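Beneath this line is the structure, given in structure tokens, with notes to follow.
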Amino acid sequence: MTFLKSNWILITVLFSILFLTTCTLTYAYYVNQESRGIVLVSGSFEVSVLAYFDEDEITVESPYYEVENQVIVVNAFDETSQNYIGKLKISIEIIPRITARMRIQLQDEWLLTRTFLDENGLPTVPVVESVYHTPKGEGYYPFSLLKTDSSFLPIYASDSYAYIDEVLNKNTLYRYDVIIGGDPYPVRSNYYYTETCMVRLGLIIDVIQANRFQELWGLEETFYN
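Numbering (the numbering used here), first residue to last: 379 to 603.
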């Protein structure tokens, strides 16, 4: 696998198994292995995204995966649903073939749908609006109701990335348990309308040669200190 001159390896993981041909900065292809979740492979790394609702693995065949938009759909209001936010677990495994650094970014879009009833008690066209969150502090991903595993202790930066605070040695397996459930969004249901809330969740994983984080990510030399 040929490197770019910058040796910049950028992976954008949106839970897809499509062969990537349009992004010149990406050298990865996606394969689905039953025992390993969604796997990305190149000549310099192998990354597995392991996502579950309880013990049910999320794959591209899952009814909770949007193929067109390449996101997982999470129910954030009904605890009886199979894809309920409290059942969600996401882990990342990586085996770098070079000494590397990694950062990740969760992209969670919270959509509140309000359906009114007309004078005949029939539902009207739903009104959909985006919901934004203030930081909830330790134990939560920034600006989200998604909860992070207690072992996941990255450096959160203003660019919305979570920087893994260690150098990844080549040919070594690393596992990061990232998300373990989340809080539901409070919805209302009354005589006039009914609300639901869903989350469309994607993930970006960015892996680079370890000694190039200043140049490629624009970080200060002392960032990891």
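Here a beta-carbon is modelled for each residue, glycine too, at the ideal position from N, C-alpha and C. Keep in mind it's a predicted model, so treat the numbers as computed, not measured.
Between the Cα of residue 509 and the Cα atoms of 597, 453 and 577, which residue gives the shortest distance?
Of the candidates 597, 453 and 577, the one whose C-alpha sits nearest the C-alpha of residue 509 is 577.
Put residue 435 into one of helix, strand or coil per three-state DSSP.
Assigned with DSSP and collapsed to three states, residue 435 falls in strand.
Going residue by residue through the region 422-473, where are the continuous alpha helix (DSSP H) segments of at least 4 residues, counting only ones entirely within it?
Runs found: none.
With H, G and I counted as helix, E and B as strand and the rest as coil, what does DSSP make of residue 584?
The answer is strand: DSSP assigns residue 584 an E or B state.
Please classify residue 479 as buried or exposed, where buried requires at least 16 neighbouring CB atoms within 10 angstroms.
Residue environment: residue 479 is assigned as buried (16 or more neighbouring CB atoms within 10 Å of its CB, all protein chains considered).
Bridge partners of residue 557, per DSSP?
DSSP lists 468 and 526 as the beta-bridge partner residues of residue 557.
Here's a check: name, in chain order, each residue in its chain whose Cβ is nearer than 6 Å to the Cβ of residue 468, leaving out the five neighbours to either side.
429, 556 and 557.
Separation of residue 451 from residue 548, as counted between CA atoms
Rounded to whole angstroms, residue 548 and residue 451 show a C-alpha spacing of 34 Å.
Of the choices 445, 475 and 432, whose alpha-carbon is the least far from that of residue 422?
Looking at the Cα atoms, 475 is the closest of the given residues.
Classify residue 492 as helix, strand or coil using the three-state DSSP reduction.
Here residue 492 sits in strand by DSSP.
Could you tell me the boundaries of the beta strand (DSSP E) in which residue 593 lies?
Element bounds for residue 593: not the beta strand (DSSP E) but the alpha helix (DSSP H), 591-595.
Which listed residue (530, 425 and 506) has its alpha carbon closest to that of residue 571
Restricting attention to 530, 425 and 506, the CA atom closest to the CA of residue 571 is found in 506.
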